[in-house]
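K.L.:
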Amino acid sequence: MADIALRSCAERRPRGAATLLLGLGAVALLASAINLAAHLPEGGIGAVWGMLVAPAMDDPAQALIAYSYAPRLVISLLAGAALGLAGALLQQVLRNPVASPTVLGIQSGANLALAATLVWTPELLAFGREWVALGGGLVAIGVVLLLTRSSGFAPLVVILAGMVVSLYCAALAALITLFNSHYLAGLFLWGAGSLSQQGWDGTIFLLPRLAIAVLAVALLLRPLTLLGLDDMQARGLGLAVGAVRLAVLLVAVALTGFVVASVGVIGFIGLAAPALVRLCGVRGTGARLALSGLLGAVLLWATDQGVQLAAASFGEMVPTGAVTALFGAPLLLWMIPRLRLPPHATPALSVRGDHGAVRARRRLAWLGALLLGMLVLSALFGPGLEGWSVSWPGPGGSGNAVALWPLRLPRALAALSGGVMLAVAGCILQRLTGNPMASPEVLGVSAGAACGLTIALFLLADFGRVEQALAASLGASLALLAILALARSAKGSPERVILAGLAVGALLDALVSVLMASGDPRAVLLFNWMTGSTYGVTTDMAGASLLAVVVLLALLPLIVRWLDILPLGGEAVRALGMPPGLSRIMLLLLAGVATAMATLLVGPLSFVGLMAPHLARLIGLRRPLAELYGAALIGALVMVAADFIGRSLAFPWQLPAGLVASMIGAPAFLWLLSRKQASA
Amino acid sequence: MPSRRALLLGAAGAAMAGWPLLAAGPRTPDAPARDPSRIVSMDFGLTETLIEMGRPPLAVPNPASWTQWVVEPALPAGTVNLGTDREPNLELLAALRPDLIVTTPYLDGIEPLLRRFAPTRRFSIYAPPKGDAYARSIIATRALAAAIGAVSAGEDLVGRAQATMEAARARLTAAGLNERPLLVVNFLDDRHVRVYGAGSLFGDVMERTGLVNGWTRPVNYWGFATVGIEALAEIPAGRLIYMEPVSPDTLERLAASPLWNTLSFVRAGRIDRLPPVLMFGMLPSAMRFARQLQSRLAEAPSHG
Numbered sequence: 000m001a002d003i004a005l006r007s008c009a010e011r012r013p014r015g016a017a018t019l020l021l022g023l024g025a026v027a028l029l030a031s032a033i034n035l036a037a038h039l040p041e042g043g044i045g046a047v048w049g050m051l052v053a054p055a056m057d058d059p060a061q062a063l064i065a066y067s068y069a070p071r072l073v074i075s076l077l078a079g080a081a082l083g084l085a086g087a088l089l090q091q092v093l094r095n096p097v098a099s100p101t102v103l104g105i106q107s108g109a110n111l112a113l114a115a116t117l118v119w120t121p122e123l124l125a126f127g128r129e130w131v132a133l134g135g136g137l138v139a140i141g142v143v144l145l146l147t148r149s150s151g152f153a154p155l156v157v158i159l160a161g162m163v164v165s166l167y168c169a170a171l172a173a174l175i176t177l178f179n180s181h182y183l184a185g186l187f188l189w190g191a192g193s194l195s196q197q198g199w200d201g202t203i204f205l206l207p208r209l210a211i212a213v214l215a216v217a218l219l220l221r222p223l224t225l226l227g228l229d230d231m232q233a234r235g236l237g238l239a240v241g242a243v244r245l246a247v248l249l250v251a252v253a254l255t256g257f258v259v260a261s262v263g264v265i266g267f268i269g270l271a272a273p274a275l276v277r278l279c280g281v282r283g284t285g286a287r288l289a290l291s292g293l294l295g296a297v298l299l300w301a302t303d304q305g306v307q308l309a310a311a312s313f314g315e316m317v318p319t320g321a322v323t324a325l326f327g328a329p330l331l332l333w334m335i336p337r338l339r340l341p342p343h344a345t346p347a348l349s350v351r352g353d354h355g356a357v358r359a360r361r362r363l364a365w366l367g368a369l370l371l372g373m374l375v376l377s378a379l380f381g382p383g384l385e386g387w388s389v390s391w392p393g394p395g396g397s398g399n400a401v402a403l404w405p406l407r408l409p410r411a412l413a414a415l416s417g418g419v420m421l422a423v424a425g426c427i428l429q430r431l432t433g434n435p436m437a438s439p440e441v442l443g444v445s446a447g448a449a450c451g452l453t454i455a456l457f458l459l460a461d462f463g464r465v466e467q468a469l470a471a472s473l474g475a476s477l478a479l480l481a482i483l484a485l486a487r488s489a490k491g492s493p494e495r496v497i498l499a500g501l502a503v504g505a506l507l508d509a510l511v512s513v514l515m516a517s518g519d520p521r522a523v524l525l526f527n528w529m530t531g532s533t534y535g536v537t538t539d540m541a542g543a544s545l546l547a548v549v550v551l552l553a554l555l556p557l558i559v560r561w562l563d564i565l566p567l568g569g570e571a572v573r574a575l576g577m578p579p580g581l582s583r584i585m586l587l588l589l590a591g592v593a594t595a596m597a598t599l600l601v602g603p604l605s606f607v608g609l610m611a612p613h614l615a616r617l618i619g620l621r622r623p624l625a626e627l628y629g630a631a632l633i634g635a636l637v638m639v640a641a642d643f644i645g646r647s648l649a650f651p652w653q654l655p656a657g658l659v660a661s662m663i664g665a666p667a668f669l670w671l672l673s674r675k676q677a678s679a
Numbered sequence: 000m001p002s003r004r005a006l007l008l009g010a011a012g013a014a015m016a017g018w019p020l021l022a023a024g025p026r027t028p029d030a031p032a033r034d035p036s037r038i039v040s041m042d043f044g045l046t047e048t049l050i051e052m053g054r055p056p057l058a059v060p061n062p063a064s065w066t067q068w069v070v071e072p073a074l075p076a077g078t079v080n081l082g083t084d085r086e087p088n089l090e091l092l093a094a095l096r097p098d099l100i101v102t103t104p105y106l107d108g109i110e111p112l113l114r115r116f117a118p119t120r121r122f123s124i125y126a127p128p129k130g131d132a133y134a135r136s137i138i139a140t141r142a143l144a145a146a147i148g149a150v151s152a153g154e155d156l157v158g159r160a161q162a163t164m165e166a167a168r169a170r171l172t173a174a175g176l177n178e179r180p181l182l183v184v185n186f187l188d189d190r191h192v193r194v195y196g197a198g199s200l201f202g203d204v205m206e207r208t209g210l211v212n213g214w215t216r217p218v219n220y221w222g223f224a225t226v227g228i229e230a231l232a233e234i235p236a237g238r239l240i241y242m243e244p245v246s247p248d249t250l251e252r253l254a255a256s257p258l259w260n261t262l263s264f265v266r267a268g269r270i271d272r273l274p275p276v277l278m279f280g281m282l283p284s285a286m287r288f289a290r291q292l293q294s295r296l297a298e299a300p301s302h303g
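Those protein sequences? They're chains A and B, same order as listed. All the letters of the first sequence, read from the start, carry residue numbers 0 to 679 under numbering that gives the first Met the number 0. All the letters of the second sequence, read from the start, carry residue numbers 0 to 303 under numbering that gives the first Met the number 0.
In structure tokens:
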């Protein structure tokens, strides 16, 4: 089972898991006692049992303990256990140390299904939110597994597909929310995982289902253990590998679905619990599953009691699920250098294969012409009060007497700049890591910039463009620093770097969830920006970003030699007289700064940085410089088109360019992912 | 590499060629016209005030949601849809050629943009440090009335609002409803509510109509707190009022919730459902809320 083992303190601390459980349990117990004391009426602790069995209905304090405090404690244990177990099962069956309900898109799929139902077919809710959520989760993981089947569910491929499906669902849900922000306030809470209870019905729902799942796991235990071996060996021992996999997956998805249905999205328990158990060096499938369940229960219990303690002193309700994600993301970051990952199964980036400079030049010229055409188109045409019309540059002109170019062009140019910067950053990162799935979006650089902006939005009373730029750059730089540190300590292995990005992205999600759930109207502003709107772009901003793009494009010929050589490996680079560390850092820095600026312009959600380099290679631009310029042009083209579509599709409503781009980009990426494996 | 140089030159050239096209933004005077007639309102609270003063705006964001959140006074048919309030459609705004745009601190982020199209006035009702909705609404109403040259209509509205409060106060006091605290909430789902405290429009109306607001805990500057329903158990409230809209499955689920059923006002059957009133509104919403309280509590027997 070397492939999923963790390089750990195992040998040194064989009883680590027990210590961890007991320690966390003690903390949780203490917090629970304090919380209980706050509710406790006269009669003391001895009277609690009596209250639970037969609460005096007219005493609010007793009713609170019997129908709120106690069921909340129980549901935190049950939900934690279910998620811990689900995570452990997913990790075991996919042989993937970072598989979890959050990462595989199950939770955001459920969230999207619920949002859509709430807005369009509220009648369906009569069947119960549970089933809607469960359906959404099943579809999401179904898509992930279908897309990654041909890779044999290779860990990195599964996670990437899961993450993209997850982001896509989040983007769609964001779109729904944008136009229905008032009505869906309750959904934010649900999406953020509030454990608040008002009776035992949650427990009654979850307990028997958890029991059945545990029973199923017990029955599947032996084949599950064999599944840890590689498929050949397992088959040799007479195991129907496919059937067992499917059964275990179903159990894991069902467990997640039940939790999601009863309390909402609880981030990261399903990842943290089994991972911590591994880190503690627990061997044996049965022990690991059981301990993961237990640890999940205790983790959520402790977190929830802590949240209640905090809520009692600050008066603001914070959803527990979002808090677990806030803790979970740094935990994942901390774990990454300690993970021992299998060599990634995605086919390596084909960087060779030259098609002659003349053809490349002609293709670039075509792309440039197309981009120019798109720009002019998007400035010329647009819907208005009396349908579509053509508007020429200059003040007024036609009967309308309003100059529209100054309104349209800055947005189009900002979109263009964002697209170029993301595409270039994507190219650099993909070349550098030799990993076709690398990109600013995937590596968490965009999310880092967004995190910085979010924090600044809520800390600074006055919030202008300069502060925005500074905060975003700071956030991106911090994310980049984390990744740099990781890349150095872990020899820059692409999987680790991508996982770190994943963690930063999750952190952003958690942060936004907490803010959205707080009901603060500023959250809607944040949300608006997050979706990648070019709305507020001024002429000055558009000019500045265009200038940055020109500088960036001018720098490219200088870095292209590094990109050519670095993927060959440290030895080759040193042999050619370049310090590998320095050039690597310079490249990462360039990619990071470009991403920060792009994030300010088009938000963190678009997939342009991932898509554009692939498309460039797809049309035969394979040499580094041609690929860089080709990707830049394609990125610009996609973003300008997205901005145009977003402005005119639902006039007078405007869909954010970043979101429109991801609506195009995510399916394209998934298609690319499955195609790549098929050809591998 | 000519391709590279060509690209750079092209990009720089495009940037320079395009510059004059961008710089020619519309310019507008800072002071509003003496008697603006083409008003664009970015906020439903300001919109209802304008309508009550007889000067309905030309365009508002998302007018379709008016019937869901405001209802009364009716929004004139043909009011142009500007899109979302955070991102009103600027091309549309330009085409409408407004002579006054009214906005709130909530939209400070886009105020500089709005200024490019018409003189823009900002009225602060819901803003830090803390809520004071009714008093601020009076100030804003007068300022708005002055800005559109309708001072007497503004005074009239303020007077009507005061009179409505006093009438409601008399009726509610006479019915003995001023003795037990009550709670006003919006259901977010079957486990959470937004509860309105001091400084919210609802809270201020309750205070002015002699009712006792049961929610005395901290609220944000919009005047509400988001809490789990269990938090309501700790409040010695004699009555609960919940506002529409309510999501369809919420009440059904609540009926099955043990904790909900132990709440004192639930057991006493003192729960009232009120049609929508804009919770972030101004005087017209305050009047509507007061009238609804009066007719629901003092004039009709309570239905569960």
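Here a beta-carbon is modelled for each residue, glycine too, at the ideal position from N, C-alpha and C. Being a predicted model, the structure only gives us computed values, none of them experimental.
What residue from B/P60, B/D42, B/T66 has the CA that sits closest to B/P274's CA?
P.N.:
B/P274 has its Cα closest to that of B/T66, out of B/P60, B/D42, B/T66.
K.L.:
At a CB-CB cut-off below 9 Å, which residues of chain B make contact with A/D303?
P.N.:
Within 9 Å Cβ-Cβ: nothing; A/D303 doesn't reach chain B, min ~12 Å.
K.L.:
Buried or exposed, going by whether 16 or more other CB atoms sit within 10 Å of the CB of A/F126?
P.N.:
Under this definition A/F126 is an exposed residue.
K.L.:
Am I right that A/L88 and A/A251 are in contact with their C-beta atoms under 8 Å? What's the rounded C-beta distance?
P.N.:
That pair is a contact at about 4 Å.
K.L.:
Nearest CA to the CA of B/G108: which residue from A/A625, A/W528, A/T594?
P.N.:
Residue A/W528 is the option with its Cα nearest to B/G108.
K.L.:
Examine chain B for any beta-carbon lying closer than 8 Å to the beta-carbon of A/N110, and answer yes or no.
P.N.:
So, not an interface residue.
K.L.:
Nearest to A/V513 by alpha carbon, out of A/G136, A/L29, A/G266?
P.N.:
A/V513 has its Cα closest to that of A/G266, out of A/G136, A/L29, A/G266.
K.L.:
Let me check understanding here. Comparing Cα to Cα, which of A/M162, A/S149, A/G372, A/L205 lies closest to A/V73?
P.N.:
Closest by alpha carbon: A/L205.
K.L.:
At which residue ranges does the segment 531-572 of chain A contain complete beta strand (DSSP E) runs of 3 or more residues, listed in the order of the chain?
P.N.:
None, since the segment 531-572 of chain A contains no complete beta strand (DSSP E) of that length.
K.L.:
Are the Cβ atoms of A/V607 and A/A359 separated by less than 8 Å?
P.N.:
For A/V607 and A/A359, no; Cβs fall outside 8 Å.
K.L.:
Does the CB of B/G82 have a neighbour CB from chain A at under 8 Å?
P.N.:
So, interface residue.
K.L.:
For B/L171, go through chain A and note every residue whose CB falls closer than 9 Å to its CB, in chain order.
P.N.:
By Cβ distance, chain A contributes nothing, its closest Cβ being about 26 Å from B/L171, past 9 Å.
K.L.:
Contact defined as beta carbons within less than 8 Å: I believe A/L363 pairs with A/A625. What is the distance between those atoms, to the nearest angstrom?
P.N.:
With a Cβ gap of about 7 Å, A/L363 and A/A625 count as contacting.
K.L.:
Run through the DSSP bridge pairs and tell me what B/L182 is partnered with.
P.N.:
Paired residues: B/L239.
K.L.:
Kindly confirm or deny that the segment 69-81 of chain B and the segment 627-635 of chain A touch, where touching means at least three C-beta pairs closer than 8 Å.
P.N.:
The answer is no - the segment 627-635 of chain A does not touch the segment 69-81 of chain B, with fewer than three Cβ pairs under 8 Å.
K.L.:
I want to check one thing, is the minimum distance from the CB of A/V252 to the heavy atoms of the ligand FMN below 7 Å?
P.N.:
This structure lacks the ligand FMN, and indeed carries no ligand of any kind.
K.L.:
Could you tell me which chain A residues have their CB closer than 7 Å to the CB of B/W259, listed as they occur along the chain?
P.N.:
The contacting residues are Q197.
K.L.:
Is it a yes or a no for the segment 256-263 of chain B touching the segment 158-175 of chain B, going by three-plus beta-carbon pairs under 8 Å?
P.N.:
In short, these stretches do not touch, since the Cβ pair count stays below three.
K.L.:
Measure the CB-CB distance between A/V444 and A/A411 and report whether it falls below 8 Å.
P.N.:
No. Outside cutoff.
K.L.:
Less than 8 Å between CB atoms is the rule here; does B/P247 satisfy it with respect to chain A?
P.N.:
Answer yes: the Cβ-Cβ gap between B/P247 and chain A drops below 8 Å somewhere.
K.L.:
Output the residue ranges of the alpha helix (DSSP H) runs that lie fully inside the segment 587-642 of chain A and measure 4 residues or longer, sorted by chain position.
P.N.:
Segments of the alpha helix (DSSP H) lying fully in the segment 587-642 of chain A: 607-617.
K.L.:
Does any residue of chain B bring its CB to less than 8 Å from the CB of A/P651?
P.N.:
Judged by the 8 Å Cβ criterion, A/P651 is in contact with chain B.
K.L.:
Between A/G134 and A/A112, how many whole angstroms is the CB-CB distance? I'm expecting something under 8 Å.
P.N.:
That belief holds up - the Cβ atoms of A/G134 and A/A112 are roughly 6 Å apart, short of 8 Å.
K.L.:
Express the C-alpha separation of B/A197 and B/D155 in angstroms, rounding to a whole number.
P.N.:
B/D155 and B/A197: Cα-Cα distance of roughly 26 Å.
K.L.:
For A/N527 and chain B, any beta-carbon pair shorter than 8 Å?
P.N.:
So yes, A/N527 belongs to the interface.
K.L.:
Is it true that the segment 177-192 of chain B meets the segment 134-141 of chain B, where meeting means three or more beta-carbon pairs spaced less than 8 Å apart?
P.N.:
No, the segment 177-192 of chain B is not in contact with the segment 134-141 of chain B.
K.L.:
Can you confirm whether A/P603, when its beta carbon is compared against all beta carbons of chain B, has any partner nearer than 8 Å?
P.N.:
Cβ-Cβ to chain B under 8 Å: no for A/P603.
K.L.:
Using a Cβ-Cβ cut-off of 8 Å, state whether A/P96 counts as contacting chain B.
P.N.:
Closer than 8 Å: no.
K.L.:
Rounded to the nearest angstrom, how far is the Cβ of B/L296 from that of B/F264, given a contact under 8 Å?
P.N.:
That belief does not hold up - the Cβ atoms of B/L296 and B/F264 are roughly 13 Å apart, past 8 Å.
K.L.:
Name the chain B residues whose beta carbon is nearer than 9 Å to that of A/P121?
P.N.:
Under the 9 Å cutoff, chain B gives S246, P247, D248.
K.L.:
With distances taken from CA atoms, which of A/S661, A/V26, A/L648 is nearest A/W387?
P.N.:
The shortest Cα separation from A/W387 among A/S661, A/V26, A/L648 belongs to A/L648.
K.L.:
In the DSSP assignment, the beta strand (DSSP E) including B/T225 goes from what residue to what residue?
P.N.:
Element bounds for B/T225: 223-227.
K.L.:
When the Cα atoms are used, what is the spatial distance from A/F152 to A/L93?
P.N.:
Roughly 6 Å between the two C-alpha positions.
K.L.:
Identify each residue in the segment 66-91 of chain A for which the Cβ-Cβ distance to at least one residue of chain B is less than 9 Å, and report them in chain order.
P.N.:
Under the 9 Å Cβ criterion, the segment 66-91 of chain A contributes Y66, S67, Y68, P70, R71.
K.L.:
Taking the continuous alpha helix (DSSP H) assigned at A/T116, which residues delimit it?
P.N.:
Note, A/T116: alpha helix (DSSP H), 105-119.
K.L.:
Using 8 Å for Cβ pairs, my map puts A/G161 next to A/G295. What's the rounded Cβ distance?
P.N.:
Incorrect: roughly 19 Å between the Cβ atoms, too far for contact.
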